[in-house]
Amino acid sequence: MKDSIYAAIALIGLAGGAYAGTAADQLGLDKADAAQFAAPAPRLEKEGPYLPSLKSIANAEIVAGLKKARGLIFEWKESPAAPRFAIPWAYLNGNHCGDRALVTYLGLATRDAQPVLKNPLPQADADAYLNSPAIEAAKIDLIAPMYAKQTLYFPNGQTKDYPITWSHHIALAVNVDGRLMVADLAAAATPIPIKDWINMYYREDDKTTCPNLNEAEYVALFSYETCLHNGWVPGPHGEVPVCVAPKQTCGYKFTNMDTFFKPEVQGDGWGGLIYTVGVLGWNFSSDLINLETDMGLKLDPIKEVSDLRSKLTPEYPSTWVR
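Start counting the sequence shown at 0; every next residue gets the next number (numbering that gives the first Met the number 0).
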């Protein structure tokens, strides 16, 4: 019974889970609707990049918070027969980096010693996350042509290599002793300097840099990536513009956390944090089924999933291709 419910949960996740592939995929756009994203970026070059204002936290406190977040458990409140499970942090092939960033935030933001995300999330918990987080954070969104080999190390000693390509990687930005750094549990157990974090996924060389972009620069790079990955070419009446190469090949930007899950920001269709936590549960449960399918290896959803480790080897150099 337990396994059948678990499989049903995963199938729902496969049908409705988030996909962190191309920009157009993320937005659910077709070519006609997304043509605007291939247009030249608005001229906002004089506006500087956005930098979040976050409360400074001591490194030891952030490290302890990340350890707590790594041990976070999902629990279906209305389905006691469904198994509780941990997050497969290392499984980047699941394309849920944005989900991992949000779950990391929820682990950091809670004041509980052992965080448990209940689905549905109680309204009081949602309010606490939003209004009085234990640790403040922002999202950092890296956009670059990322091509890598990921090696997964399973608790029983088995290994598996996966090719992985993607264009956006999302994690958390935190203020560590007055310095903005990245918290990415898919990459490290401790905060990482931004440049080092970028180099884990995209290797800079003498001809490229990966700066914090202002809105115009980000839109230009976002538009180019979307255009290339959808194979857009001008139509008979010029409906879709030619992909215009931006000045930057790689870049990142910061975004406030509440932009992503406050109903008044996203609108009623988003549903707020309570709905979002439910979606996260389906997505991560689908990752666990994918791991079992790929490896023929069923991991204990609590004891072994959290021990899964990986190494990512970026290809060098990475470039946008048509």
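Even for Gly, the Cβ is constructed at its ideal location relative to N, Cα and C. Treat the numbers as computed from the prediction; the structure is a model and nothing was measured.
Alpha carbon to alpha carbon, how far is residue i from residue j?
| i | j | result |
| --- | --- | --- |
| A125 | Y274 | 10 Å |
| V304 | N282 | 15 Å |
| Q122 | S131 | 14 Å |
| D195 | A127 | 32 Å |
| K302 | L50 | 38 Å |
| I197 | P245 | 19 Å |
| G266 | L272 | Any reading at G266 needs caution, since the residue's pLDDT is 44, under 50, leaving its predicted position unreliable; the model's value is listed next. Roughly 12 Å separates the two Cα atoms. |
| R308 | S55 | 29 Å |
| A219 | N213 | 10 Å |
| T312 | D286 | 21 Å |
| P192 | I169 | 15 Å |
| P300 | L101 | 20 Å |
| I163 | W319 | 15 Å |
| K67 | A81 | 23 Å |
| A85 | L298 | 11 Å |
| R178 | G47 | 19 Å |
Spatial neighbours of residue i within its chain, please: C-beta separation below 8 Å, excluding the five flanking residues on both sides.
| i | result |
| --- | --- |
| S317 | A143, P144, M145, Y146, Y201, R202 |
| P190 | N58, I61, V62, L65, V173, V175, M180, V181, A182 |
| A133 | G64, L107, A108, T109, R110 |
| K159 | T150, L151, F153, D293, M294 |
| L296 | F153, N155, Q157, L290 |
Which residue's Cα is closest to the Cα of residue i: the options?
| i | options | result |
| --- | --- | --- |
| R69 | P313, A187, L212 | A187 |
| K76 | K252, C242, N118 | N118 |
| T207 | V102, Q247, C96, V276 | Q247 |
| C249 | I288, H167, W88 | H167 |
| N92 | K297, Y161, C226, F221 | Y161 |
| L141 | F221, V243, P300 | F221 |
| G280 | R99, G47, Y90 | R99 |
| K148 | P300, L129, M199, A112 | M199 |
Residues in the same chain with beta-carbon distance under 7 Å from residue i, minus the five sequence neighbours each way, listed in chain order, please.
| i | result |
| --- | --- |
| Y104 | A136, L171, M256 |
| G370 | Here the chain has residues from 0 to 321 only, and residue 370 is not among them. |
| Q113 | G70 |
| K310 | T150 |
For residue i, which residues in the same chain have their Cβ closer than 6 Å to its Cβ, ignoring the five residues on either side in sequence?
| i | result |
| --- | --- |
| V115 | I72, E74 |
| F253 | Y49, P51, A137, I139, A172 |
| W88 | L184, A185 |
| Y340 | A query on residue 340 cannot be resolved here, the shown segment of the chain reaching from 0 to 321 and no further. |
Just checking my contact of residue i with residue j at CB under 8 Å: how many whole Å lie between their CB atoms?
| i | j | result |
| --- | --- | --- |
| W165 | N94 | 7 Å |
Should residue i go down as buried or exposed, given a rule of 16 or more other Cβ atoms within 10 Å for buried?
| i | result |
| --- | --- |
| Y251 | buried |
| R83 | exposed |
| E216 | buried |
| D306 | exposed |
| F36 | Confidence is the limiting factor: at F36 the pLDDT is only 37, short of 50, which leaves the residue's position unreliable and the question unanswerable from this model. |
| E224 | buried |
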